[in-house]
Amino acid sequence: MSHTDHTKLFLPGPVEVRREILEAQTQWMIGHRTGDFADLFARLQNKLKRAFFTDSRVYISGSSGSGLWEGAIRCGVRDQSRALHLTGGAFSERWAQISRANGKQVDCIQVDWGRAHSPDMVADALSRQRYDAVCAVHNETSTGVTNPIQAIGEVVNQHDDTLFFVDTVSGFLGMELRVDDWGIDIALTSSQKAFALPPGIAFAAVSDRLLERAEGIVNRGYYFDFLTLEKSLLKNNTPSTPPIALMFAADAQMDAILAEGIEARWARHRDMRDATHEWALARGFGMYAQAGYRSDTVTTVDNTRGIDVNAMGAYMEREVGYAMDKGYGAIKGKTFRLPHMGDVSMDMLHEVLSGIDAFLTQQN
Ligand SMILES: *Cc1c(COP(=O)(O)O)cnc(C)c1O
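Structure, rendered in structure tokens:
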């Protein structure tokens with residue numbers, strides 16, 4: 031390849047990671063029962079709390095984000111009670127399935143793929159049935175829909191004993207999320223989306239209310255038991271061996287993010303979204319997600335032109351040096367996703383979009 035030394039990732043996870051961040055992982059290892067580790071943990075903890083806009087705590091997990099789905103449901107939903115899942119896309123549906131696999135009783139508010147959930151739908155469900163938790167996905171990465179989390183939180187918070195669980199795997203650090211102000215009891219995320227880290231580490235901001243709930247539940251499991259994580263966190267530590275190299279990377283990346291400014295980072299994502307929409311609509315493509323709820327971190331393009339998405343991907347990889355998305359699950363090929371998340375710059379976005387233009391021209 032002449033264009034680059036490697037194929038750059040233009041995928042909605044894992045995303046392209048900057049060289050400096052990859053290199054931060056190569057620091058000499060430290061033992062996790064040492065003062066040096068406690069310093070690293072404490073330093074990272076403070077930065078993560080700022081990123082989640084919370085005064086409570088952020089757990090660090092040596093897993094991908096999916097593990098924390100299990101943690102949330104096992105620590106927060108009692109066997110005799112129920113969880114309400116807001117479903118309508120590959121990830122929100124998988125989370126509901128995982129709650130069932132953990133033996134929980136689950137009801138879903140299912141919307142068509144590409145649609146958002148409204149606060150009214152949630153208010154209606156909560157008026158008819160008591161739930162231990164409402165589980166919502168902030169940014170449904172398969173469809174490119176962003177749910178109105180703040181407004182849904184207002185509804186959930188009117189019910190004293192109902193906790194609010196949010197998957198912000200592809201939203202966190204790419205679009206607005208304020209854990210304490212929005213009354214969120216857990217906001218869980220992975221590293222390999224808008225955080226722009228390598229995969230393998232996950233984070234969750236957890237409220238006192240959720241920990242109180244966990245105290246009344248016996249079978250919380252071990253690896254994702256928040257009470258176990260809490261005991262260690264109070265000593266700036268983790269119960270089992272943490273992904274230390276990834277924590278070095280997260281610490282370095284948080285410095286870069288705080289230097290950019292979290293709100294400035296959100297604004298950059300919004301600008302890239304607008305540029306992507308303009309590009310797609312001007313070329314006769316559609317938007318898969320409902321107007322008003324289109325994601326700032328990933329655009330799911332409705333392939334109304336019927337282009338050969340596989341051929342586009344092959345062209346982009348060969349000629350421009352980017353690995354491209356080809357749509358997710360049931361809507362593969364009928365859609366493709368343009369992820370403008372993480373450390374993607376406007377220049378990189380334009381390089382990709384011009385590459386697709388060259389492909390489209392060549393087709394005519
Ligand atoms: C990627 C993704 C997940 C799964 O995260 P893993 O880190 O792969 O476990 C869950 N939810 C959403 C919204 C995602 O985009």
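Going by our numbering, the first residue of the sequence shown is number 31, and it counts up by one from there. Each residue gets a CB set at the ideal place from its N, CA and C atoms; glycine is no exception.
Asked, Found
"Determine the contact status of I51 and A244, defining contact as a CB-CB distance below 7 angstroms.", "no"
"For the beta strand (DSSP E) that contains S220, what are its first and last residues?", "I216 to S220"
"Cα separation between S32 and E349?", "Below a pLDDT of 50, predicted positions are generally treated as unreliable, and S32, at 47, falls in that range; no measurement from the model is reported."
"Write down the C-beta distance between W125 and W143 rounded to the nearest angstrom, noting that I regard them as a contact closer than 8 angstroms.", "Going by Cβ atoms, the distance from W125 to W143 rounds to 15 angstroms, so no, they are not a contact pair."
"Below 6 angstroms, is the gap between the Cβ of G144 and the nearest heavy atom of ligand 1?", "no"
"Given that a residue counts as buried once 16 or more other Cβ atoms are within 10 Å of its Cβ, and exposed if not, what is L23?", "One cannot answer for residue 23 here, as it falls past the ends of the chain, which runs 31 to 394."
"Give the DSSP-derived three-state secondary structure of S91 in the structure shown.", "strand"
"If the criterion is Cβ atoms closer than 7 angstroms, does the pair T84 and S200 meet it?", "no"
"Within the chosen definition, does the segment 174-191 reach the segment 295-306 through at least 3 CB pairs nearer than 8 angstroms?", "no"
"Taking only three categories from DSSP, how would you classify T306?", "helix"
"Do the CB positions of V185 and V209 come within less than 7 angstroms of each other?", "no"
"Helix, strand or coil, according to DSSP, for Q180 in the structure here?", "helix"
"For ligand 1, is there any heavy atom lying closer than 6 angstroms to the beta carbon of G366?", "The sequence shown places Phe at residue 366, rather than the Gly named in the question. Answer for F366: no, Cβ out of range of ligand 1."
"Between the C-alpha atoms of A360 and A120, what's the straight-line distance to the nearest angstrom?", "8 angstroms"
"Tell me the DSSP secondary structure of Q140 in three-state form.", "strand"
"What separation, rounded to the nearest whole angstrom, lies between the Cα atoms of D137 and S237?", "23 angstroms"
"Let me know the secondary structure DSSP gives L288 once reduced to three states.", "helix"
"Taking the alpha-carbon of N333 as reference, which of L390, E293, I292 and A344 has the nearest alpha-carbon?", "L390"
"Determine, using beta carbons only, whether P196 and A166 come nearer to each other than 7 angstroms.", "The identity of residue 196 in the sequence shown is Val, whereas the question assumes Pro. A contact, by the Cβ cut-off of 7 angstroms."
"Anyone know if the C-beta pair for I133 and F254 falls short of 7 angstroms?", "Going by the sequence as given, residue 133 is Gly instead of Ile. Taking 7 angstroms as the Cβ cut-off, G133 and F254 do not qualify as a contacting pair."
"Tell me, please, which residues DSSP counts as bridged to M354.", "F40"
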